[in-house]
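Novice:
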Amino acid sequence: MNPIFIIGCPRSGTTWLQRMCGKHPDVYMARARDVGILESGPGHETHAYQRMPAEEASPQLEGLIGQHPGKVVMEKTPGHALYINEILATMENPGFLFIHRNPYAVAASWMNTFSGHPPTEGAEKYVATMEKVAPHLDKPYLHRVEYEDLLENAPYQLIRLFQWMGLQPFPADVCIAVDTTDILRKGEADSWETELNPKMKARVAAVLEAA
């Protein structure tokens, strides 16, 4: 599989996962400038499929494979989870690395990150993402990793996903990836339980149950 898209609901840890994967010597992490888009923000997301038709975005990203021989090209834009079908229809052999996080944690992180926005917005983003990803969860071209599992044992999870990508998971690479990744907003697994009050939890639950 090449290229491989890092996808997930916003506030699920896609940037953290991107930076860890990017430490592997056989990975080239695509940047916005690779598809002619001005970069902004720490994650360097391309938003390629949100900015142009898939028939234009896919050839540009596939072209990076030839420009970086011997490497797996990876791209991180959480919202590309909504475009899996379009990517599959316009690429020869793409893969998807899907990071999943507890929806209540997503909702709390959304509220904490975007001042004035209710946690239900984060829950709605989660529902929209899962609706698009769910049909592909059992497919060989998609690998799912849990945010909470990464927090508990990142080296083991990286070994598993590197194997899925067909890369040699040298232990040294895994340790470097974990130890030198600077993510200021990496959360704690259960922090949402105190960050969301009972009314917020009930409203988030209503959004999830209605899906």
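Residues 0 to 210 in numbering that gives the first Met the number 0 are what the sequence shown lists, from first letter to last. Note that CB positions come from ideal geometry on N, CA and C, so glycine has one too. From a predicted model like this one, the values you see are computed outputs, not experimental measurements.
How many Å lie between L210 and E123 at the Cα?
Specialist: For the purposes of this step, residue 210 is taken as the residue at position 211 of the sequence shown. For the purposes of this step, residue 123 is taken as the residue at position 124 of the sequence shown. It should be pointed out that residue 210 corresponds to Ala in this sequence rather than to Leu. Distance between the alpha carbons of A210 and E123: 9 Å.
Novice: For E215, name the three-state secondary structure that DSSP assigns.
Specialist: There is simply no residue 215 to check, as the chain begins at 0 and stops at 210 in what is shown.
Novice: Comparing alpha-carbon positions, which option in H99, I3, T128, A107 lies nearest E91?
Specialist: As a first step, residue 91 is located in the sequence shown; it is residue number 92 there, counting from the start. With distances taken between Cα atoms, E91 lies closest to I3.
Novice: Relative to the alpha-carbon of M28, which residue among L63, E54, M73, C8 has its alpha-carbon at the smallest distance?
Specialist: In the sequence shown, the residue the question calls residue 28 occupies position 29. Among L63, E54, M73, C8, the Cα nearest to that of M28 belongs to M73.
Novice: Secondary structure at L141, three-state DSSP: helix, strand or coil?
Specialist: Looking up residue 141 in the sequence shown gives position 142. In this structure, L141 counts as strand in the three-state DSSP scheme.
Novice: List the endpoints of the continuous alpha helix (DSSP H) containing E192.
Specialist: As a working note, residue 192 is residue 193 in the sequence shown. It spans 191–194 - the alpha helix (DSSP H) in which E192 sits, taken as one unbroken run.
Novice: Go ahead and pull the three-state DSSP assignment for E74.
Specialist: Along the sequence shown, read from residue 1 onward, the residue named residue 74 stands at position 75. Three-state result, E74: strand.
Novice: Rank A80, I86, P93 by C-alpha distance to the C-alpha of P52 and give the top, closest one.
Specialist: Taking the first residue of the sequence shown as 1, we reach residue 52 at position 53. Cα-wise, what sits closest to P52 is I86.
Novice: Between which two residues does the alpha helix (DSSP H) harbouring V203 extend?
Specialist: As a working note, residue 203 is residue 204 in the sequence shown. Taken as a continuous stretch (DSSP letters only), the alpha helix (DSSP H) holding V203 covers 197–209.
Novice: List in chain order: all unbroken alpha helix (DSSP H) runs of 4+ residues lying wholly within the stretch 78–119.
Specialist: Complete alpha helix (DSSP H) runs here, min 4: 83–89, 102–112.
Novice: Are L160 and L63 close, meaning C-beta to C-beta below 8 Å?
Specialist: For the purposes of this step, residue 160 is taken as residue 161 along the sequence shown, with counting starting at 1. For the purposes of this step, residue 63 is taken as residue 64 along the sequence shown, with counting starting at 1. Not in contact: L160 and L63 (Cβ atoms no closer than 8 Å).
Novice: Quick one: give me the first and last residue of the beta strand (DSSP E) that M28 is part of.
Specialist: One-based indexing of the sequence shown puts residue 28 at position 29. That run of the beta strand (DSSP E) goes 26–28.
Novice: Starting from the C-beta of G21, find all residues in its chain whose C-beta is less than 6 Å away, skip the five residues before and the five after it, and write them out in chain order.
Specialist: Counting from one through the sequence shown, the residue named residue 21 turns up at place 22. Taken in chain order, the residues that qualify are M28.
Novice: Near W191, what residues of its chain come up, given a Cβ to Cβ distance below 6 Å and the 5 sequence neighbours on each side ignored?
Specialist: Taking the sequence shown and counting its residues from 1, the one referred to as residue 191 is at position 192. Once the five neighbours on either side are set aside, the close Cβ partners of W191 are Y103, A104, A107.
Novice: Taking Cβ to Cβ, would you say V34 is nearer than 8 Å to L16?
Specialist: Translated into positions along the sequence shown, residue 34 becomes position 35. Translated into positions along the sequence shown, residue 16 becomes position 17. Not closer than 8 Å, so no.
Novice: Can the beta-carbon of E55 be found less than 8 Å from the beta-carbon of K75?
Specialist: Here the question's residue 55 lines up with position 56 in the sequence shown. Here the question's residue 75 lines up with position 76 in the sequence shown. No, these two residues do not count as a Cβ contact at 8 Å.
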